[in-house]
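Using my numbering, you'd call the opening residue of the sequence shown number 1 and step up by one each time. In this text, a Cβ means the ideal position worked out from N, Cα and C, and glycines have one as well. No experiment lies behind these values; they were computed from the predicted model shown. See below for the structure under consideration.
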Amino acid sequence: MRYRLTNEYGVARPLWGDEGLCPDGTPVLPPHVEEAIREWAAVFQEGFEWDRGWRVRVVAREHAAQGERLLAILERVLGPEDTVELVYWETERPTGRGTGRGTAR
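Given below as structure tokens:
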């Protein structure tokens, strides 16, 4: 399965699959990873304004860095047939990064 970690307004668990937003429990993740993903999404919900972007630059930088850390964690905990990509549209830098794990479909 291909997964994407990408924030969206009103989404508490921003993990997406080929069919759209993944339901809770898909994929199965360790509880601490689930919690970290939800905390990352909450920071986005609280700190990013649709019309102005991030309210505080320090929060923006830490949020981007945490996204990279979450990507690395997901690469380790997902199955060998899975791929994961961080799509970080909140900045002007390139919006995606694949892992190279598994078989691309």
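**Report entry** Residue environment, threonine 91, which counts as buried when at least 16 other CB atoms sit within 10 Å
**Finding:** Taking the first residue of the sequence shown as 1, we reach residue 91 at position 91. The residue in question, threonine 91, is exposed, as its Cβ has fewer than 16 Cβ neighbours within 10 Å.
Query raised in the report: How about the stretch 70–78 and the stretch 3–12: do they share at least three Cβ pairs that are nearer than 8 Å?
Result: yes
**Report entry** Limits of the unbroken alpha helix (DSSP H) element including glutamate 19
**Finding:** As a working mapping, residue 19 is identified with position 19 in the sequence shown. Note, glutamate 19: premise wrong, no alpha helix (DSSP H); not H, not E.
Query - Helix, strand or coil at glutamate 46 according to DSSP, with G and I counted as helix - result: Translated into the one-based positions of the sequence shown, residue 46 becomes position 46. Looking at glutamate 46 - three-state DSSP - the assignment turns out to be helix.
Requested in this report: Tell me whether valine 59 sits in a helix, a strand or coil according to DSSP, three-state version.
Outcome: By one-based count along the sequence shown, residue 59 stands at place 59. Valine 59: helix per DSSP, three-state reduction.
Query raised in the report: Which partner residues of glutamate 85 appear in the DSSP bridge assignment?
Result: Start at 1 with the first residue of the sequence shown, and residue 85 comes out as number 85. Bridge partners of glutamate 85: Arg4.
Query raised in the report: Taking all protein chains shown into account, do 16 or more other C-beta atoms lie within 10 angstroms of the C-beta of proline 14, making it buried, or fewer, making it exposed?
Result: For the purposes of this step, residue 14 is taken as the residue at position 14 of the sequence shown. Proline 14 should be labelled buried.
Requested in this report: Determine the direct distance from the alpha carbon of glycine 47 to that of glycine 10, and round the result to whole angstroms.
Outcome: Within the sequence shown, the letter at position 10 stands for residue 10. Within the sequence shown, the letter at position 47 stands for residue 47. Approximately 13 Å between the Cα atoms of the pair.
Query raised in the report: Is DSSP giving tyrosine 67 helix, strand or coil here?
Result: In the sequence shown, the residue the question calls residue 67 occupies position 67. Going by the sequence as given, residue 67 is glycine instead of tyrosine. Helix at glycine 67.
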